[in-house]
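Worksheet: one structure, shown below.
Number of protein chains: 2
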Amino acid sequence: MTPRGFSYGAISADVKGTGGTRPDLGLVFCDREAVASGLFTTNLVKAAPVLIAMEQSRRGTLRAVLANAGNANACTGESGVADARSLMAEAGICLGVDPDQVSPLSTGVIGVNLPVDRMRSKIAGLVSNLGPDPEVFARSIMTTDTYPKLVTRKAGEAVVLGMAKGAGMIAPDMATTLAVVLTDAVISKQDLDNIIKRSIEKTFNAVTIDGDTSTNDVLMALSTCYVTVNTDELETAIFEVIRDLALLIVRDGEGATKFVSITVQGAFSAADAKKAAMAVGNSLLVKTALFGADPNWGRIVAAVGYSGARMDPGKVGVTVSGYRVVFSGTEAEGFREETLHGLLREKDIDIVIDLGQGAGEFTVYTTDLSYDYVRINAEYRT
Amino acid sequence: MTPRGFSYGAISADVKGTGGTRPDLGLVFCDREAVASGLFTTNLVKAAPVLIAMEQSRRGTLRAVLANAGNANACTGESGVADARSLMAEAGICLGVDPDQVSPLSTGVIGVNLPVDRMRSKIAGLVSNLGPDPEVFARSIMTTDTYPKLVTRKAGEAVVLGMAKGAGMIAPDMATTLAVVLTDAVISKQDLDNIIKRSIEKTFNAVTIDGDTSTNDVLMALSTCYVTVNTDELETAIFEVIRDLALLIVRDGEGATKFVSITVQGAFSAADAKKAAMAVGNSLLVKTALFGADPNWGRIVAAVGYSGARMDPGKVGVTVSGYRVVFSGTEAEGFREETLHGLLREKDIDIVIDLGQGAGEFTVYTTDLSYDYVRINAEYRT
């Protein structure tokens, strides 16, 4: 089940220059002009392809997405932009489309120029590889992901397909990622802009692995507009695809051994709830306690206390996976450390914090912090 | 070299209830009423002893400090306050002073009531232990510290002595700590208040290990006022004592293998410089790269980019331990990855980031993030 009008390809271009042979250059091609909307990192340091894709999103139509893993093409100055444009030009020639309609996406190490000659020489082969299987593209954008991330939903007779990469530098605004959302539903540029903006607030903007916001985040939505559907139904499908991609990214967070949802309710406002939930989700002390199943609930309450959310320490309640841990700011009656320890040993953990102040609520998705996170990010590969 | 008028004691009270025998209850006694000024955690969740010590600091005089490790007496509600007051009362009786003049400090696990009967029964012995060696007190407040932290300075004929504990939950506002600063210099309450406030801005408020702000931070300054000194000289001595304590805390950060100073200069304002330096110092990707000596300088620039500091990506410069890494936002000419890798293998690392925008400057002190940090904080000790 894939949306009409798209084909997919991938090829190995050894972007890292380490002699690797896994496909690291991917292509999505639209058989006609697609309506396009993008969302971009809020980091002031934006990679060259992000700067180009932002312009393209403003224009609002695309014929292709050309993505690579292994090199972010960030902090590469004007030569980075020239490199990206040179790849777009080659793809434009091979595909027979306007190069400005080929959107570049890059992920990988910062500050290194793309091996642009080697990459360009692979584009003709990449184009001749185009076929119906989106997974080849989803695999080509993987970095430390342990599996490709694809989600599909139907909206009437239309299909929405999302693909994304994780897995580190995951923070809101946006969850660090490259993502493409493809559909064949008839939709205007304006509606598509609005739907993806609304969809990321409680999805990509609600997940955090390490609090780092990357230079390369892009979500690009494309529609070939073949199938007429109800717009509300389409919005639901797009929202669910984006949400499920966000959750897949958390589950595959670098070194993650647990999937943790943190809901703050009863806050003065939704903004207070988000502040508190993000502080808990980003606290190294909470994340290491989750890794070790350490029933040290004080770390959760302490993180709420410094989050900046308005709160009264005497009113806080906490439940973990349904078990009441804190009531009125102190240990709940009958609380047993061993019970909490047992719940924290599970792979899925659900933390609910009630501030007892109002109706504000927000849920954040995160992981624990393990030895493997440190290993993955400390490794120096010469 | 210790300030006149103070004596020190410590005793084992097995505060954790694990049958431990190391001294975990400490006492500083002043032979006459001391001028007292405190600074306290900004966390909204404040431990019972913090709430009491805040009142005492407002009153401005003290006769003793009674400190314990192993239990923070935080999130313990009204019984926590009653427990602290019961220990103050016993100390008041044994020392022959007003219990309200005995300041309680606690550090350790949150949410567990103090073993108040066992602790109270040790106080008479603790008082009879009082002697001239401050190190016994400095040792009694250690938690995961690997060594006691004492610093002294002379100001004319007066002495300033500082003692502190680290070593996790280290974030600005304030570096998580219990600290006492003792002097025999003649000083007014107002002057002492001002001096410690000015002293922490670039010291305790400029260090970060894990970004978590604790429920229990207290710095308490006491003077027995025996020796007349120049106030400026005294301020310099107090500043240096507090700064050196802060640096000792960073060097002994949980699992730290490196001591890292991060200076941001050329920012629009000092506040922008602090935001940028803190973002770099708290970035897990930067901290794990430092641990692994990974010459991935893009992580530094990316952290500046999401810090909220005003910046122009094309103007950023970075040097690491004197070696130019980034110039005008891209890799500096002649940069060699192997050279940076070698510099990052050193124990002391000095990162200077120039934003090329103005005169704002701030330095943050931090550590790398190691496997041992995860181990120390993930361990569940039953």
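Chains as they are written, first to last, in the numbering used here: chain A, 3 to 384; chain B, 3 to 384. C-beta: ideal position from N, C-alpha, C; glycine also.
Among the options, which residue has its Cα nearest to the Cα of residue i?
i      : options                        : result
A:D352 : A:I264, A:R34, A:A275          : A:I264
B:S14  : B:V243, B:L152, B:G72          : B:G72
B:L184 : B:Y10, B:R377, B:W299, B:V366  : B:Y10
A:I143 : A:T341, A:V17, A:A291, A:V376  : A:V17
B:A258 : B:Y367, B:A281, B:L224         : B:Y367
A:V262 : A:I202, A:L194, A:M313, A:T365 : A:T365
A:R34  : A:A66, A:F293, A:R155          : A:A66
A:M313 : A:D356, A:L342, A:D350         : A:D356
A:R6   : A:V30, A:G19, A:G21            : A:V30
A:S105 : A:A208, A:M222, A:A74          : A:M222
A:R24  : A:Y375, A:E339, A:G360, A:T145 : A:T145
A:R245 : A:L128, A:K204, A:D193, A:L345 : A:K204
A:V252 : A:N70, A:D274, A:Y375, A:V328  : A:Y375
B:V266 : B:G22, B:A311, B:L46           : B:A311
B:A91  : B:V114, B:M121, B:G40          : B:M121
A:N45  : B:I302, B:T4, B:G344, B:I378   : B:I302
Any idea if residue i is buried or exposed, counting beta-carbon neighbours within 10 angstroms, 16 or more meaning buried?
i      : result
A:K199 : exposed
B:P134 : exposed
B:K48  : buried
A:N298 : buried
A:Q58  : buried
A:G158 : exposed
B:E256 : buried
A:Y149 : exposed
B:S123 : exposed
B:A361 : exposed
Please state the DSSP three-state secondary structure of residue i.
i      : result
B:G310 : coil
A:R87  : helix
A:S372 : coil
B:F241 : helix
A:S14  : coil
A:E363 : strand
A:T290 : helix
A:N73  : strand
B:K349 : coil
B:M3   : coil
A:F329 : strand
B:L163 : strand
A:S190 : coil
A:G98  : coil
B:D33  : strand
B:I378 : helix
B:E47  : Looking at the sequence itself, residue 47 of chain B is Val, so the reference to Glu does not match. Coil.
B:T233 : helix
A:F337 : coil
B:G19  : coil
Tell me the DSSP bridge mates of residue i?
i      : result
A:P429 : Because chain A is modelled from 3 through 384, residue 429 of chain A falls outside the range shown and cannot be assessed.
A:V266 : A:I355, A:F364
A:S2   : In the structure as shown, chain A begins at 3 and stops at 384. Residue 2 of chain A is therefore absent and cannot be evaluated.
A:R253 : None, per the DSSP bridge assignment.
B:K156 : B:V161
A:F8   : A:C32
B:S225 : B:V37, B:T185
Find out if the Cβ-Cβ distance for the pair residue i, residue j is shorter than 8 Å.
i      : j      : result
B:L64  : B:A86  : no
B:K289 : B:D370 : yes
B:D186 : B:V220 : no
A:D296 : B:E237 : no
A:G168 : A:D147 : yes
A:V322 : A:V306 : no
A:T217 : A:T43  : yes
B:G62  : B:A38  : yes
A:M278 : A:A291 : Here residue 278 of chain A turns out to be Ala, not Met, going by the sequence shown. No; because the gap between Cβ atoms is not below 8 Å, this pair is not in contact.
A:R347 : A:A239 : no
A:T233 : A:G283 : no
B:G182 : B:C227 : Here residue 182 of chain B turns out to be Val, not Gly, going by the sequence shown. Not in contact: B:V182 and B:C227 (Cβ atoms no closer than 8 Å).
A:V83  : A:I54  : yes
A:F206 : A:T179 : yes
B:K152 : B:P136 : Looking at the sequence provided, one finds Leu at residue 152 of chain B rather than Lys. Result yes, Cβ atoms of B:L152 and B:P136 sit closer than 8 Å.
A:A126 : A:C96  : yes
A:P51  : A:N75  : yes
Is the closest heavy atom of the ligand FMN to the C-beta of residue i under 7 Å?
i      : result
B:T109 : By its list of ligands, the structure shown contains no ligand whatsoever, and the ligand FMN lies outside what it can speak to.
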